[in-house]
Ligand SMILES: Cc1ncc(COP(=O)(O)O)c(C=O)c1O
C-alpha cells in the first residue's frame, strides 16, 4: 500500500531480506490507519469497540497487583494451559496433555508463525483455501513454504474435491484451515473436514487449523475441530486465542495444541521468537476460559443480532452480501457501484463516505479475483453500526 516502500527496498539493494520484499504491509491494518486519518468508522479490522467481560479485566488487574509480572514459563503459565486443556475437552471432547501438548503464544498470529516454522522445510508446500486471512501468505513466505491455493466458491464458499486433491503433492507438508472462516463466514461442514482428512492421511500432511472464531456461529452452524476426526489428533495443530472470544484482541494471548513431538518444536521456535506472552494476562486467560456456557451463548446471540443488522445495512446500501454462518465478517459483491476495482472503491468509501472496509483483493493470491469484493466486520456496537449505515446510504445514488 505504501508506494515508496518497494523503491526504497530496491535502493537498499541486497541489504534487505528477499523474504520481506515478497509481501506488503497488512492491507487490513493499513485500512485502520486510514480510518483514523479520515475519521471513518472502522469496519475493516476485526476488533470489538465494546467492553471486555468485567471478570477477566478484574482478573488481569489482580494478577498485576499480585505481582505476576515476571516471565511466565516460556510455553505458558500452568494455570492457562490447564484451562485450555479443560476447555478443549469440554467443547470438542478431546483430551490433551497441558504439560506436553500446549504452547501459549503472543496471539494466534504468533502461534501460526511458530507452528509453520516448526514444521516447514525448504521446498515444502502448504495448501491454503482462498479467499484467505491475509496473514497466511506472509506466514508461508517467512517459514519458507510454497503455497498452493484451493478456491472457495461463492456464494456458499464450497470447494471442489478434485481441486483439493490436485493441490496435494508429495511435497505437501500441511494444509492451513480456518473455520469459522475469515473472510467468508464459512463454517466447514463435517463432510468437508472428512475430505480434508482423507488428503492429510494420504499425503502424510499436517492440518494447521485456526479456530479463533469457534464461538461465533449462526443459525445452527456447528464447529468441529478437525483434530477430533479419526487419525487427525496427532497430525493437527489447533490454533486459538483469547482475542476474539473474549474481546481482548490487544492482549496478545493465543496458543497451539499439537502432539508432544510437534509441540516440542513449536515451543523452541516460540521461545526464541518471543519468550512468552504477557504473564498477568495469561492468568486472566485462565479465568476467561472457565466462564460458564451462558457466556458463549450470549456471545453468539449478540453476534447473530449484529450480523443481521449489518446484513440489512449493507443490502439497503446496495451491496450483494454473502451471508456468513460464522465469524464476524460479511463478504460482499460491490459490482453494482460501478468502480473498476476494489482498491479504488475502498479508498472512496473511507475518504468520501466515512466507512473503512477491506478490499477483496487482499484475500486472494491473484488480486484480480477480488476486485469486486469488499469485506466489512460487524464486531461493533449498535450505534457504531447504525452510524456506518447512515453513511453507507449515501452510496445509493452511485448505484443507480
Ligand atoms: C482468522 C484469523 N486468525 C488470526 C487472527 C489474529 O488473531 P490474534 O489476535 O490472536 O493474533 C485474526 C484476526 O483478525 C483472524 O481473523
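In our numbering, the protein residues as written are 27 to 426. Cβ atoms here follow ideal geometry from the backbone N, Cα and C, with glycine treated the same way. As the structure is a computational prediction, the values presented were derived from the model and not from experiment.
For residue i, which residues in the same chain have their Cβ closer than 7 Å to its Cβ, ignoring the five residues on either side in sequence?
i	result
residue 86	306, 307 and 310
residue 381	66, 67, 69, 375, 414, 417 and 418
residue 53	27, 160, 384, 385 and 388
residue 55	71
residue 423	In this prediction, residue 423 scores a pLDDT of 46, lower than 50, which makes its location untrustworthy; the coordinate-derived value is nonetheless stated afterwards. Counting only Cβ-Cβ distances below 7 Å, and skipping sequence neighbours, we find nothing.
residue 333	244, 350 and 404
residue 219	250, 252 and 255
residue 410	67 and 75
residue 122	111, 114, 128 and 283
residue 420	379
When DSSP builds the beta bridges, which residues end up paired with residue i?
i	result
residue 357	348 and 401
residue 232	200
residue 333	Residue 333 is not bridged to any residue.
residue 281	130 and 266
residue 67	381
residue 243	352
Is residue i helix, strand or coil by DSSP?
i	result
residue 414	helix
residue 212	coil
residue 250	coil
residue 292	helix
residue 56	helix
residue 78	coil
residue 419	helix
residue 85	helix
residue 175	strand
residue 168	helix
residue 308	helix
residue 255	coil
residue 407	coil
residue 99	coil
residue 313	helix
residue 327	helix
residue 237	coil
residue 49	coil
residue 338	helix
residue 42	coil
residue 73	coil
residue 271	coil
residue 260	helix
residue 93	coil
residue 303	coil
residue 318	coil
To which residues of the same chain is residue i closer than 6 Å at the C-beta, ignoring the five residues directly before and after it?
i	result
residue 456	Residue 456 falls outside the range modelled here, since the chain spans only 27 to 426, and no answer is possible.
residue 391	175
residue 260	285
residue 325	241
residue 155	176 and 178
residue 412	none
residue 181	348
residue 173	152, 154 and 166
residue 312	105, 106 and 109
residue 267	133, 134, 238 and 280
residue 214	205
residue 208	159, 353 and 355
residue 143	169 and 295
Can you find a CB in chain D that lies within less than 8 Å of the CB of residue i?
i	result
residue 235	The displayed structure is made up of one protein chain only, and chain D is not part of it.
Identify, in the order they occur along the chain, each residue of the same chain with its Cβ nearer than 8 Å to the Cβ of residue i, setting aside the five sequence neighbours on each side.
i	result
residue 191	225
residue 95	305 and 306
For the segment 105-164, list the alpha helix (DSSP H) runs that are entirely contained and at least 4 residues long, ordered along the chain.
-> 133-145
Counting Cβ pairs closer than 8 Å, one from the segment 155-170 and one from the segment 101-120, do we hit at least three?
-> no
Complete runs of the beta strand (DSSP E) confined to the segment 181-208 [at least 3 residues] | 198-204
Take every Cβ of the segment 223-243, pair it with every Cβ of the segment 336-346, and state whether three or more of those distances are shorter than 8 Å.
-> no
Length-filtered (4 minimum) alpha helix (DSSP H) runs lying within the segment 359-395 | 368-374
If we count Cβ pairs, one from each stretch, closer than 8 Å, do we get three or more for the segment 363-377 versus the segment 188-195?
-> no
Would you call the segment 287-295 and the segment 83-99 touching, i.e. three or more CB-CB distances under 8 Å?
-> no
Stretch pair the segment 242-249 + the segment 92-108: three plus CB contacts closer than 8 Å = no
Pair every Cβ in the segment 116-130 with every Cβ in the segment 180-191, then say whether three or more of these pairs are closer than 8 Å.
-> no
How do the segment 96-103 and the segment 298-305 stand: do at least 3 beta-carbon pairs fall below 8 Å, yes or no?
-> yes
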